[in-house]
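Here the structure comes first, spelled out in C-alpha cells, and everything after it is commentary.
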C-alpha cells in the first residue's frame, strides 16, 4: 500500500511493535544520533523522541523521528512492496510496453494506462503542509540533530530540496544535506554533478532574477523521500516517479513566498532563496563513507517562510561508519532499479553495491558470457550509466554468481583472476565529491577486475589452474617487522595489518602535509610488501592487502570491516602496486599521510565517524538497564 503521509506510516509501525517511543528528554546534540546508531546496528525499531531537547536547553514542540528505514523489512513496508524489484518492473513496463499484446487484447493495456496517468502530479490550492505558518520563522526551533563530535553543526539529513530550472521551469527534488547556520540561514551541500548545482549555475547566468527560489521539505509519505534519492533518467522527474511508486498522482501545492511547487502532504516546508555567487563554509560532516567530509564552500539559503501540517514530525537519519540506515535505502535502490538496468544493459544479469563500501566504491556485476571478454564490456558500459559514473571499482563475475555472497566473491577473485590479464585501470575519471581518497576533488582512477570464468571460445581457455599458498604463509608474514597480524583470505590472498608512525588516527582529521611522514609510510609499505613477496611460501601469492591495525582480523565480522577499509581508504592509481612481471599486486589500504611529493597527491585525511565516548557509555548503560 502507499502511505498517505508519514504519520500513518509511523502509526502502523507502532501498532506492529516496530517503533520505540522515548518519552524522556533527549539532547539533539550527539545523544539522539548515538541512540539511533545503536538501534540501526542491531536491527532495532524506528524511534520517536517525544521530547527532543534543543541546543538552548528547551524542549522542541515537534517530535524527532529516526531510523524509519533502518531495516530491509521496514524499507519494503515504507515502499509498500514485498521486494523493491517490483518498482523496477513497473518502470520497465512503462518503458517497453508490449504493443502487440495490447492490440490483441486491449483490456490488458488498462493497467499500463493507469500507471501512465498516475505519473502527472496534481496541483492543489492548499496542501496539508501549509495548515500552519510559523510567525517569525526560526529553523533552530526544529529538532535537527548534530550527530558526530566533529560535525560543523546541526544538519538536516532527510531534506527534500526543491529547485527549478530557470529556463524550462522544470522542478527537481534532490536530497542534499543542509547545515543550519542560524534562525534563517541554511547551507546547501549540492555537488557539482547534481541538478541543484546545475540550476544554481543557470540562475547565476540569468539576467532575470538576482535570487534563486529554494524549498526544503521534511517528512511526508515515505515514497516521496525514496523518490528524492533515486537515480532517475533526466526525462523522468521525482514527482512523476512518486506517482509511479504510489499508483496515484502526487499532490503538489504552491509555496507562499516563491513560485515553487512542493509535495502537499509533507510535514514541513521551508521556503527561501539563494543569492548566486554567495557561499558559506559548510562542514565538517560525518558522511556515508564512514569518514568526515571536511569543510567546503557551498550556497546559503535564506529562509522566508516555514509552514507545517497539524501534528507534524521531523524525520532525520544519520550516516557514518556502516551499516547505517542509508545503507538499507541504498540496497533498496539497487534492487528497485536492477530491472531497469538489465533492460538498458542486456549483458547484466545481477548487480550489487555493498553498503559497507559506501556504494560508490564497489560494484559487483554478474555478466552474461556468450563471447570472450563480454564481462569487461559490461563493466565499461556501467561506468557511463547515470550515478554509476561515480564507481571506483567494479568486479565482474559469472552470470549465475551470487553477487551478495562475500565469500563467493573472494573465491572468484582468488581462482579466476590473472593479474597480468584481468586488471584494468582507467586513469583520470569522474569521482564522487565525497571520495576523500581521490587525489583531486571529483577526479580519480577506476579499477575493473574481471573475475569471470573463461568462456570456451576464449583464447586463454587452455590455461592451467593457478596454484595457491599454504595457510602457514599468514604465520610467516606475521613475523615480519611492523606486521601486526595476518590472515589468509583465499589460497592466493593474504591480508596483513600494520601501524604507521605518525599516521592519521581514526579520532582525528589530518589536514597538514607531512612529507617526511608520508615518505616513511611509503617506504614501510614497500618493505613489508617486498619481504612478504620474498617468502618461500608466498611464491604463488597474487593478492597482498595491507591495512591499518584498527582492522581486527580476529573479530567475528572481520571480513565486512575489512571490506570497508579496503575500498574506502585507497586510490587506484596511487595505492595499487605490481611486481616487475605484473603477476602479483599489493593493495595499500592504510590511511595515507597528506603529501604533495609522492607519486600522486594525498589531500587532507578525515577522521572516522566515532561517537563521543562518554555519551556512548551512558547510552549503552541505558539500553542495557532497560533491556532494549
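Residue numbers (our numbering): 851 to 1478.
Every residue, glycine too, gets a C-beta built ideally from N, C-alpha and C.
Within its chain, find whatever has a CB closer than 8 Å to the CB of residue 1363; leave out the 5 residues flanking it on each side and keep chain order.
Excluding sequence neighbours, residue 1363 sits near 1444, 1445 and 1446.
Cβ atoms of residue 1039 and residue 1132: under 9 Å apart, would you say?
Result yes, Cβ atoms of residue 1132 and residue 1039 sit closer than 9 Å.
Starting from the Cα of residue 1206, find the closest Cα among 1245, 1449, 1174 and 1008 and give me that residue.
Answer by Cα proximity: 1174.
Just reading off the alpha helix (DSSP H) that residue 906 is part of, what are its end residues?
Per DSSP, residue 906 belongs to no alpha helix (DSSP H) and is neither H nor E.
By the three-class DSSP mapping on this structure, what secondary structure does residue 1139 have?
Correct three-state label for residue 1139: coil.
Select from 1123, 1101, 1092 and 912 the residue whose C-alpha is nearest the C-alpha of residue 1107.
Answer by Cα proximity: 1123.
When DSSP labels each residue in this structure, what does residue 1383 get in the three-state scheme?
DSSP places residue 1383 in helix when its eight states are reduced to three.
Tell me, please, which residues DSSP counts as bridged to residue 1147.
Beta-bridge pairing links residue 1147 to 1131.
Figure out for me which residue from 863, 945 and 972 has the closest Cα to the Cα of residue 918.
The shortest C-alpha separation from residue 918 is found at 863.
I need the boundaries of the beta strand (DSSP E) containing residue 918, first residue and last residue.
Here residue 918 belongs to no beta strand (DSSP E), and DSSP marks it neither H nor E.
Distance, Cα to Cα, residue 1012 vs residue 1180?
The alpha-carbon atoms of residue 1012 and residue 1180 are separated by roughly 21 Å.
Could you work out which residue in 944, 1036 and 1337 is closest to residue 988 when comparing CA atoms only?
Considering only alpha carbons, the answer is 1036.
Do you know whose CA, among 1144, 1361 and 1199, lies nearest residue 1001's CA?
The candidate whose alpha carbon is nearest that of residue 1001 is 1144.
Give the straight-line distance between the Cα atoms of residue 1394 and residue 1379, rounded to the nearest whole angstrom.
Cα-Cα distance, rounded: 8 Å.
Just to confirm the assignment, what range does the beta strand (DSSP E) spanning residue 1041 have?
Run containing residue 1041: none; DSSP gives neither H nor E here.
Taking just the CA atoms, how far does residue 1146 sit from residue 1258?
So the two alpha carbons sit approximately 40 Å from each other.
Reducing DSSP to helix, strand and coil, say where residue 1222 ends up.
The answer is coil: DSSP assigns residue 1222 none of H, G, I, E or B.
For residue 1120, which of 1064, 1256, 1232 and 1400 has the nearest alpha-carbon?
The option with the nearest alpha carbon to residue 1120 is 1064.
Quick check on residue 1338: buried or exposed, where buried means 16 or more other Cβ atoms within 10 Å of its Cβ?
It counts as buried.
Within the same chain, show all residues whose beta-carbon is closer than 7 Å to that of residue 1262, passing over the 5 residues directly before and after it, in chain order.
Only 1247, 1251 and 1301 meet the Cβ criterion.
Helix, strand or coil for residue 1257? Go by DSSP, reduced to three states.
Note: residue 1257 maps to helix in three-state DSSP.
Under DSSP, the beta strand (DSSP E) around residue 1023 begins and ends at which residues?
It spans 1021-1024 - the beta strand (DSSP E) in which residue 1023 sits, taken as one unbroken run.
What do you get for residue 927, buried or exposed, if any count of 16 or more other CB atoms within 10 angstroms of its CB means buried?
When all chains shown are included, residue 927 counts as buried.
What does the alpha-carbon distance come out to for the pair residue 1117 and residue 1400?
Straight-line Cα distance between these residues: approximately 42 Å.
Assuming residue 1115 and residue 979 are in contact, meaning their beta carbons sit under 8 Å apart, how far apart are those beta carbons, in whole angstroms?
Yes, they are in contact, since the Cβ atoms of residue 1115 and residue 979 sit about 7 Å apart, within 8 Å.
Would you report the Cα separation of residue 1403 and residue 1033, rounded to the nearest angstrom?
Spanning the two alpha carbons is a distance of roughly 47 Å.
Please list, in chain order, all residues of the same chain as residue 950 whose beta carbon is under 7 Å from its beta carbon, the five residues on each side excluded.
Annotation note: pLDDT 49 at residue 950 (below 50); position unreliable, no value reported.
I need the boundaries of the alpha helix (DSSP H) containing residue 1471, first residue and last residue.
Counting along the chain, the alpha helix (DSSP H) containing residue 1471 begins and ends at 1463-1475.
Could you give the residue range of the beta strand (DSSP E) that holds residue 1113?
From DSSP, the beta strand (DSSP E) with residue 1113 extends over 1111-1113.
Let me know the beta strand (DSSP E) ranges lying completely inside the region 1264-1307, each 3 residues or longer, listed in chain order.
Counting whole runs of 3 or more residues, the region 1264-1307 contains the beta strand (DSSP E) stretches 1273-1280 and 1293-1300.
What residue does the beta strand (DSSP E) around residue 1012 start on, and which one ends it?
Run containing residue 1012: 1010-1014, per the beta strand (DSSP E) assignment.
Please name the residue in 1284, 1478 and 1168 whose C-alpha comes closest to that of residue 879.
Measuring from the Cα of residue 879, the nearest candidate turns out to be 1168.
Helix, strand or coil: which one does DSSP assign to residue 1311?
Residue 1311 falls in the coil class under three-state DSSP.
Looking only at its chain, what residues have a beta carbon closer than 7 Å to the beta carbon of residue 1476, apart from the 5 residues adjacent to it on each side?
Cβ within range, chain order: n/a, list empty.
Under a three-way DSSP split, which group does residue 1456 fall into?
Here residue 1456 sits in coil by DSSP.
Return helix, strand or coil for residue 1398, following the three-state DSSP convention.
In the structure shown, residue 1398 sits in a strand (DSSP, three-state: E or B).
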